[in-house]
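Numbering (this note's numbering), first residue to last: 1 to 447.
Please read the structure below before turning to the comments.
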């Protein structure tokens, strides 16, 4: 409606003003309602972090508070880590029983992400911490079963494919002193062929295969998988990224199922993380730097990161999507590329995880266990005890409250509760990593 003020009556003007005011009031109400809905949706995803910003460790091991979580936070570190190790070994036994023993030692899902290889990975971690030879033997047996179960699989990555089976198998065989078995797994690894429609991301794509190569080079020896072998894979990732990016502001861009993801599992953060472990040409290093700076520049005002290009939904604070996975990649960039901007961005993202990272799930992909690794990574990078405390706080929250909250229906035990990435296996892995926090690495992501 258009009114010419010079010709309208006083009554018409008042009516116009009233309608105009009501329209803006309604718009304001709708905007406020949307904001409230966003806040509620976010709060439904995580518990408010009411833990103190820092608790000084007690010099004695006894209880000093009526609150059990506060007691855990105030324990001497060695006492707490022993407590977590005991809990971890119990979780490991549960994982083995549920995924190995009850199935009659038959493997249906062989993957590290949700299947039996994830159990083997946890058992191997337990061996690394305790040096229990029974765990090493058990791990080897599970990997052999995964090898058989995966024989017809076309998947090629560490987390969700045959590369994980052969890589972990070779490393376990090395620790067992079985050179022939080690060589057999390595030979099978090098026989892996890529399907024509292979994506570039971490869970199912080229980056996930390259991560398995880095895993072998770390645990068996440098050049176990040569640069000449990995170079063609790197070339394809770089070429694909440039092709999709075109003349855009970000030099590298990738799609998975038609979406340009940013996160660790399927997007830029995961691919950049893996590329930084490769021998890159100077221009490729620059492309990685500029890609990460593009992500930093286009993060949300809250400090969190979009799950995909152009997304305006600031709600996911997971390893797979959002600040946690990006933080781990920025820590890697600060270590490898030596840029102060990446360090500051990692610290900023860590604040988001502290505020919004007590998720209502236990796992490492999209749960508290995975988010705790943000602080272990920042602790390793900075040496700042505050980050070790924050990792301890998230682990203590899980140890103290997860079982009760799950039983009350206030927390989710995972769609696959007896798995490494979605269930209690990741919690057990975290607890074992808390024994030597400076050596902790997010499983199947940090090298």
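From the three backbone atoms N, C-alpha and C, an ideal C-beta is built for every residue, glycine too.
On the premise that residue j lies in contact with residue i, defined as a C-beta separation below 8 Å, what is that separation, rounded to the nearest angstrom?
{"i": "residue 359", "j": "residue 45", "result": "6 Å"}
{"i": "residue 288", "j": "residue 275", "result": "6 Å"}
{"i": "residue 161", "j": "residue 208", "result": "7 Å"}
{"i": "residue 317", "j": "residue 324", "result": "6 Å"}
{"i": "residue 96", "j": "residue 136", "result": "Actually they do not touch by this definition, with Cβ atoms about 13 Å apart."}
{"i": "residue 212", "j": "residue 163", "result": "4 Å"}
{"i": "residue 116", "j": "residue 87", "result": "About 22 Å separates the two Cβ atoms, so there is no contact after all."}
{"i": "residue 260", "j": "residue 309", "result": "4 Å"}
{"i": "residue 59", "j": "residue 76", "result": "7 Å"}
{"i": "residue 158", "j": "residue 167", "result": "6 Å"}
{"i": "residue 99", "j": "residue 418", "result": "5 Å"}
{"i": "residue 398", "j": "residue 434", "result": "11 Å between Cβ atoms; not a contact."}
{"i": "residue 187", "j": "residue 181", "result": "The Cβ separation is near 11 Å, so there is no contact."}
{"i": "residue 333", "j": "residue 292", "result": "6 Å"}
{"i": "residue 363", "j": "residue 423", "result": "6 Å"}
{"i": "residue 80", "j": "residue 55", "result": "In fact, because the Cβ distance is near 11 Å, the residues do not count as touching under 8 Å."}
{"i": "residue 69", "j": "residue 315", "result": "So it is not a contact: roughly 26 Å between Cβ atoms."}
Tell me where the alpha helix (DSSP H) around residue i begins and ends.
{"i": "residue 213", "result": "206–219"}
{"i": "residue 176", "result": "162–176"}
{"i": "residue 313", "result": "No alpha helix (DSSP H) holds residue 313; DSSP gives it neither H nor E."}
{"i": "residue 156", "result": "Premise fails: residue 156 is in no alpha helix (DSSP H) and is neither H nor E."}
{"i": "residue 71", "result": "68–74"}
{"i": "residue 189", "result": "179–190"}
{"i": "residue 452", "result": "Absent from the model: residue 452. The displayed extent of the chain is 1 to 447, so no value can be given."}
{"i": "residue 236", "result": "227–245"}
{"i": "residue 93", "result": "77–96"}
{"i": "residue 135", "result": "133–149"}
{"i": "residue 119", "result": "116–130"}
{"i": "residue 383", "result": "Here residue 383 belongs to no alpha helix (DSSP H), and DSSP marks it neither H nor E."}
{"i": "residue 198", "result": "Taken as a continuous stretch (DSSP letters only), residue 198 belongs to no alpha helix (DSSP H), as it is neither H nor E."}
{"i": "residue 268", "result": "268–275"}
Just tell me which of the options has its CA closest to the CA of residue i.
{"i": "residue 347", "options": "184, 370, 321, 375", "result": "375"}
{"i": "residue 448", "options": "417, 279, 95, 335", "result": "Coverage of the chain is limited to positions 1 through 447, which leaves residue 448 absent and any answer about it impossible."}
{"i": "residue 284", "options": "239, 155, 139, 266", "result": "239"}
{"i": "residue 258", "options": "214, 199, 271", "result": "199"}
{"i": "residue 395", "options": "168, 302, 241, 85", "result": "85"}
{"i": "residue 130", "options": "182, 50, 431", "result": "431"}
{"i": "residue 413", "options": "91, 81, 184", "result": "91"}
{"i": "residue 111", "options": "156, 128, 68", "result": "156"}
{"i": "residue 53", "options": "295, 447, 355", "result": "355"}
{"i": "residue 445", "options": "428, 437, 421", "result": "421"}
{"i": "residue 304", "options": "427, 352, 390, 342", "result": "352"}
{"i": "residue 230", "options": "277, 328, 334, 392", "result": "277"}
{"i": "residue 415", "options": "148, 114, 73", "result": "114"}
{"i": "residue 101", "options": "125, 141, 340, 72", "result": "141"}
{"i": "residue 437", "options": "389, 402, 409, 244", "result": "389"}
{"i": "residue 191", "options": "154, 314, 312, 176", "result": "154"}
{"i": "residue 118", "options": "128, 134, 143, 132", "result": "143"}
{"i": "residue 237", "options": "253, 103, 264", "result": "253"}
{"i": "residue 255", "options": "264, 249, 248, 244", "result": "244"}
{"i": "residue 214", "options": "204, 205, 226, 203", "result": "226"}
{"i": "residue 367", "options": "387, 89, 319", "result": "319"}
{"i": "residue 83", "options": "406, 387, 392, 341", "result": "392"}
{"i": "residue 176", "options": "148, 203, 189, 220", "result": "220"}
{"i": "residue 371", "options": "326, 406, 204", "result": "326"}
{"i": "residue 328", "options": "150, 350, 337, 341", "result": "350"}
{"i": "residue 282", "options": "306, 337, 322, 70", "result": "337"}
{"i": "residue 149", "options": "299, 126, 109, 134", "result": "109"}
DSSP beta-bridge partners for residue i?
{"i": "residue 373", "result": "Answer is none; residue 373 lacks a bridge partner."}
{"i": "residue 259", "result": "256"}
{"i": "residue 46", "result": "359"}
For this session: Could you name each continuous alpha helix (DSSP H) segment of 4 residues or more that falls completely within the segment 389–444, going from the start of the chain to the end?
Result: DSSP runs (the alpha helix (DSSP H)) wholly in the segment 389–444: 424–433.
For this session: Please list the segments of the alpha helix (DSSP H) lying wholly inside the segment 349–373, counting only runs of 4 or more residues, in order along the chain.
Result: The segment 349–373 is shown to contain no whole alpha helix (DSSP H) run of 4 or more residues.
Exercise. Curious, which full-length alpha helix (DSSP H) runs of at least 4 residues does the segment 315–346 contain?
Worked result: DSSP runs (the alpha helix (DSSP H)) wholly in the segment 315–346: 323–337.
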